[in-house]
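In our numbering, the protein residues as written are 59 to 401.
Set out below in structure tokens:
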């Protein structure tokens with residue numbers, strides 16, 4: 059296949075194209091935006107191309123160019139747009155599940171499992187795949203379900219709070235009554251999280267909203283655009299997402315970079331994000347610098363003091379942060395630890 063530019067789609071070079079194109083395709087489908095069919099056709103062409111390149115990289119290097127979450131999302135986006143997905147592309151996803159590649163070490167990535175599960179549920183509806191592949195798809199779906207159900211903790215979360223929306227979507231799409239109790243406990247944990255203001259990230263909100271309406275991403279395929287367009291009362295109003303405003307008072311947060319000689323107290327306005335704190339530290343402290351890259355969930359910390367790698371975010375004593383640097387807002391007196399880890 060010939061390489062293509064995605065600049066006209068508003069996607070910058072170096073960004074994870076597979077996931078972004080998939081999200082654009084799904085958004086256009088669910089919003090009934092068919093004013094310019096050529097845009098949709100161009101998106102589908104790009105999606106086919108990037109899935110092909112992802113598949114090739116899996117064959118050569120054992121992993122996709124982006125990650126298995128985006129690979130699954132791309133397959134799902136094609137499927138809900140009623141586009142047949144090449145059986146070799148699907149087979150690579152099935153193999154990843156069979157080889158337990160959705161996670162790090164012994165811990166599974168529940169949101170990746172759920173996204174892969176929805177992608178496989180969707181493609182299973184096509185009748186064009188070989189019988190052996192269909193059999194493997196069914197076994198993978200069951201394996202994913204078993205892992206997700208087993209991941210439920212005492213608070214009702216599936217994996218953690220932020221992986222729960224996609225996990226519930228997958229279980230809901232399965233439609234099994236046996237999972238009703240699991241889903242009820244999970245939804246209760248999500249409602250508690252909403253009351254505590256835990257869902258400020260737009261991507262997380264997009265995963266949560268279908269759950270609150272007892273839907274999943276698979277339902278995007280069944281959107282009746284003709285009825286919505288002919289009945290303006292059914293067209294939802296677009297909510298305004300207000301930025302979280304920092305407070306007038308100042309707080310003090312200690313920033314520690316493990317393995318390096320950096321342990322400093324940083325003064326920032328209350329309700330500042332961790333990203334704000336990192337920017338302040340970089341501006342005020344000559345011994346600190348950092349770099350990020352854009353991801354589907356916002357900026358991701360890639361480099362600290364010229365050292366690149368997988369930087370874990372923790373708060374003292376040794377608690378991993380579940381939110382990203384633009385979403386987590388430390389409290390006064392908190393200690394934030396940056397630790398270089400391994401995938």
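Backbone N, C-alpha and C fix where the C-beta goes; we use that ideal spot for every residue, glycine too. All figures in this text were calculated on a predicted structure; none of them were measured in a lab.
Exposure of residue 307 is indicated by the presence of fewer than 16 other C-beta atoms within 10 angstroms of its C-beta.
Rounded to the nearest whole angstrom, the CA to CA distance from residue 184 to residue 145 is 11 Å. C-alpha of residue 243 to C-alpha of residue 378: approximately 24 Å in a straight line. Under the three-state reduction of DSSP, residue 322 is assigned to strand.
According to the DSSP assignment, residue 228 belongs to the alpha helix (DSSP H) that extends over 222 to 232.
Non-local C-beta neighbours of residue 170 in its own chain, meaning closer than 8 Å and more than five positions away in sequence, comprise 125, 126, 127, 130, 160, 161, ordered along the chain. About 18 Å separates the beta carbons of residue 329 and residue 393, which is beyond the 8 Å limit, so they are not a contact pair. Taken through DSSP and simplified to helix, strand or coil, residue 349 comes out as strand.
Non-local C-beta neighbours of residue 179 in its own chain, meaning closer than 8 Å and more than five positions away in sequence, comprise 199, 228, 231, 232, 276, ordered along the chain.
Excluding its 5 nearest sequence neighbours in each direction, residue 148 has C-beta neighbours in its own chain below 6 Å: 181, listed in chain order.
Looking at the DSSP output, residue 396 shares a beta bridge with 315, 371.
Between residue 265 and residue 219 the beta-carbon gap is near 11 Å, outside 8 Å, which marks them as no contact. Beta bridge pairing from DSSP links residue 362 with 348, 365. Spanning the alpha carbons of residue 201 and residue 155 requires a straight line of approximately 8 Å.
Contact between the stretch 331 to 351 and the stretch 372 to 392 is present: 3 or more CB-CB pairs across the two stretches fall below 8 Å.
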